[in-house]
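So the structure is just underneath, and the comments pick up after that.
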Amino acid sequence: MTHTLDGIGVTPLSGVGNVVWYDGEVELGDPPAPDTVDADAERDRFEQALGRAREEIEAEREHTAEAVGEEEAAVFDAHLQFLDDPQITGAVEDALDSGLPADHAVDEGFADAIEQLEAAGGRMAERADDLRDIRDRLLRILADADRVDLSALPEGTVLLAERLTPSDTAQLNPDRVAGFATVVGGRTAHAAIFARSIGIPAVVGVGEALLDVAADTEVVVDGEAGTVVVDPDEETRERAAESRDVSVRHDRVETADGRDIEVAANVGTPAELSAAADNGADGIGLFRTEFLFLDRRSPPDEAEQLETYVEALEAFPDGRVVVRTLDIGGDKPIPYIDAEEPENPFLGVRGIRRSLGLDEELFRTQLRALLRANAEAEGDLSVMFPMVATVEEAEAALDVVEEVASELDEAGEAFERPELGVMIETPSAVFVGDELAARLDFFSIGTNDLTQYVMAASRQNEAVDHLHDPRHPAVLRAIHRAVEAAHDNDAWIGMCGEMAGDPALTELLVGLGLDELSMSAVTIPDVKANVAETRTDAASALADDALAASTKSEVVATITHNT
Ligand code: PEP
Ligand code: MG
28 MTHTLDGIGV TPLSGVGNVV WYDGEVELGD PPAPDTVDAD AERDRFEQAL GRAREEIEAE
88 REHTAEAVGE EEAAVFDAHL QFLDDPQITG AVEDALDSGL PADHAVDEGF ADAIEQLEAA
148 GGRMAERADD LRDIRDRLLR ILADADRVDL SALPEGTVLL AERLTPSDTA QLNPDRVAGF
208 ATVVGGRTAH AAIFARSIGI PAVVGVGEAL LDVAADTEVV VDGEAGTVVV DPDEETRERA
268 AESRDVSVRH DRVETADGRD IEVAANVGTP AELSAAADNG ADGIGLFRTE FLFLDRRSPP
328 DEAEQLETYV EALEAFPDGR VVVRTLDIGG DKPIPYIDAE EPENPFLGVR GIRRSLGLDE
388 ELFRTQLRAL LRANAEAEGD LSVMFPMVAT VEEAEAALDV VEEVASELDE AGEAFERPEL
448 GVMIETPSAV FVGDELAARL DFFSIGTNDL TQYVMAASRQ NEAVDHLHDP RHPAVLRAIH
508 RAVEAAHDND AWIGMCGEMA GDPALTELLV GLGLDELSMS AVTIPDVKAN VAETRTDAAS
568 ALADDALAAS TKSEVVATIT HNT
């Protein structure tokens with residue numbers, strides 16, 4: 028029977044298709060009958076999983092030793108020893124000999140050793156946790172090999188999942204996947220942002236009710252309304268299958284009274300550059316380079332990055348391309364770079380904090396590639412640093428740019444300095460905005476993070492979605508203050524958080540004084556049309572009213588009343 032589940036819409040697109048469940052968790056079902064198991068193949072799988080686990084643990088050991096210290100890294104030595112412990116591997120081999128598949132054999136083989144350690148009590152019992160950790164790692168590695176291949180889903184699939192990571196989403200092919208919906212998640216989590224960039228209809232934060240939708244059921248994912256319609260009727264299905272009728276403007280737009288507003292695209296991979304151009308982007312306002320580092324075993328080297336940045340610049344020879352340096356951490360962990368997940372990753376070492384510490388070598392390599400690309404390609408490169416909270420960080424980043432420029436000069440490499448800016452994502456950056464703007468060419472406001480830090484509301488938790496909303500007066504006032512700081516110091520200011528791509532807010536953002544708006548390609552035509560209809564005097568009056576409001580509902584009433 029048709030019924031509708033409510034969630035948070037993240038892409039203004041709809042799609043219809045049949046459900047495939049993606050299970051990120053590892054759960055062991057009943058073992059198959061022993062005579063159906065190919066024992067040799069299962070032994071090979073176990074050997075391969077052991078090898079993979081060894082590689083992973085060695086990489087984590089090395090990283091922890093560098094990042095934290097030798098003492099803390101020692102736990103990984105113990106893990107490596109357990110992997111070679113003949114008592115444990117022997118027990119797994121016995122289980123394999125009895126006809127169990129590799130995952131069940133691992134589970135059974137570890138069970139005795141875990142039980143014995145627990146029975147010994149005291150410090151020995153603590154080692155049982157290490158064993159569980161190793162067992163789970165092996166089970167995950169074995170399951171990864173079997174898991175749904177996200178890059179090869181059948182055409183017309185609607186993917187349902189408890190949650191998706193950014194790298195899961197990055198594997199989805201928008202020509203085959205009709206949409207996805209998840210139990211948890213927020214509008215500005217990176218999985219959602221990526222879905223919007225590549226144009227996949229998506230609804231997140233649907234809640235537990237989604238778990239009742241069976242595989243193969245037909246559903247409509249309506250990313251505009253934020254609904255998942257289960258067993259849709261003919262009319263709903265047809266509406267979802269219709270393509271959106273948009274008229275794309277490839278010229279630059281001005282407001283009705285002649286103020287130039289740059290409308291640019293956010294991208295994460297070179298593959299998105301053509302969607303940006305097709306939707307009429309004037310340039311790139313945010314290239315999230317960390318996506319170049321996902322889904323691989325080691326970072327792209329200088330030559331590979333150079334090629335990518337040249338490609339981006341050449342896609343917009345007459346426009347500006349703003350590349351953001353690596354923003355690792357938060358909900359974008361990169362397994363071969365990251366160590367353990369810290370307690371509260373969004374408040375930890377992410378963005379520029381990593382680039383000036385742990386990842387300084389990666390930062391320098393990236394800057395070398397960027398400065399060289401700017402010399403090699405036509406087009407106008409700007410480089411910005413994420414998560415800046417202090418003037419010292421901005422100065423240190425600028426110093427590294429200068430050092431890299433000198434090195435390139437000495438080596439006789441062609442290079443050109445780009446415009447340099449910072450993201451305004453932390454309340455502290457707003458408060459020292461004057462001092463930052465005096466040192467830089469531009470700002471770009473990242474409202475996804477700025478909102479979560481101003482409101483103390485996670486960007487990926489649907490339970491606080493009402494607070495993670497940039498229409499709260501506190502966020503608007505922070506934006507206003509950043510714009511004033513930029514303009515008072517002759518810097519330009521853009522916005523690349525998801526707020527910039529909401530067509531209902533275009534007039535307000537023009538009124539707040541933004542010079543550039545950057546967004547997922549799919550919303551560019553609507554925002555350009557709205558800029559062209561806006562008059563700056565009316566927009567400023569609207570911004571003044573919104574800034575004077577005491578509550579989000581007053582802000583919303585002001586905006587709605589105006590349209
Ligand atoms: C932001 O925080 O608004 C932003 C654009 O950066 P990201 O979404 O990649 O954190
Ligand atoms: Mg951010």
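In the working numbering, the protein residues as written are 28 to 590.
All C-beta atoms in this analysis are idealised placements derived from N, C-alpha and C, irrespective of residue type, glycine included.
Asked, Found
"Candidates Ala441, Leu467, Arg399, of which the one nearest Asp426 by Cα", "Leu467"
"Exposed unless 16 or more other CB atoms sit within 10 angstroms - verdict on Ala456", "buried"
"Which listed residue (Asp354, Asp62, Arg81, Asp33) has its alpha carbon closest to that of Asp386", "Asp354"
"Sequence-distant residues of the same chain with beta carbon closer than 8 Å to Phe320, five excluded per side", "Pro326, Pro327, Leu353, Ile355, Ile361, Ile364"
"Cβ-heavy atom distance, Gly473 to ligand 2, below 8 Å", "yes"
"Local Cβ density within 10 Å of Thr31, reported as buried at 16 or more and exposed below that", "exposed"
"Met411 beta carbon near ligand 1 (any heavy atom closer than 8 Å)", "no"
"Buried or exposed by the 16-neighbour rule on C-beta atoms within 10 Å, applied to Pro181", "exposed"
"Whole-angstrom distance between His277 and Phe318, CA atom to CA atom", "27 Å"
"Pair within 9 Å by beta-carbon distance, Val46 and Leu187", "yes"
"Assigned secondary structure, Ile35 (DSSP; H/G/I helix, E/B strand, else coil)", "strand"
"Chain-order list of residues whose beta-carbon lies under 6 Å from that of Asp553 (same chain, five-residue window excluded)", "Pro530"
"Inter-residue Cα distance where the pair is Lys579 and Arg323", "42 Å"
"Local conformation of Phe343 per DSSP, three classes", "coil"
"Anticipated Cβ contact below 8 Å, Ile35 with Gly226, distance rounded", "Ile35 to Gly226, Cβ: 18 Å. No contact."
"Distance CB(Leu544)-CB(Val558) smaller than 9 Å", "yes"
"Expected contact under 8 Å - CB spacing of Arg81 and Leu55 to nearest Å", "The pair is not a contact, with the Cβ atoms about 23 Å apart (cut-off 8 Å)."
"Same chain, Cβ closer than 8 Å to Ala241, neighbours up to 5 away in sequence not counted", "Val46"
"Residue of Thr63, Pro39, Val481 minimising C-alpha distance to Leu494", "Val481"
"C-beta atoms of Val280 and Ala267 nearer than 9 Å", "no"
"Test: Phe343 CB closer than 9 Å to a CB of chain C", "Structure shown: chain C not included; a single protein chain is present."
"Neighbourhood of Leu398 by C-beta distance below 8 Å, restricted to the same chain and skipping five residues each side", "Val428, Val431, Ala432, Leu435, Phe442, Glu443, Arg444, Pro445"
"Secondary structure of Asp287, DSSP reduced to three states", "strand"
"Whether Ala400 touches Leu333 by CB criterion (9 Å)", "yes"
"Beta-carbon proximity check, Glu89 vs Ala100, cutoff 9 Å", "yes"
"Between the CA atoms of Phe390 and Gly183 - distance to the nearest angstrom", "40 Å"
"C-beta atoms of Gly460 and Gly312 nearer than 9 Å", "no"
"Cβ pair Arg498, Val418 closer than 9 Å", "no"
"Where Arg595 falls, given that 16 or more other Cβ within 10 Å makes a residue buried", "A query on residue 595 cannot be resolved here, the shown segment of the chain reaching from 28 to 590 and no further."
"Distance CB(Ala548)-CB(Val294) smaller than 9 Å", "yes"
"Cβ contact check for the stretch 399-416 and the stretch 343-352: 3 or more pairs under 8 Å", "yes"
"Three-way DSSP call (helix, strand, coil) for Gly78 in this model", "helix"
"Environment of Val185 [buried if 16+ CB atoms lie within 10 Å]", "buried"
"Touching by the beta-carbon criterion (3+ pairs, under 8 Å), the stretch 61-78 and the stretch 129-143", "yes"
"Residue from Leu237, Gly310, Glu269 with nearest C-alpha to Val256", "Leu237"
"CA-to-CA distance, Glu452 to Glu420, given in whole angstroms", "14 Å"
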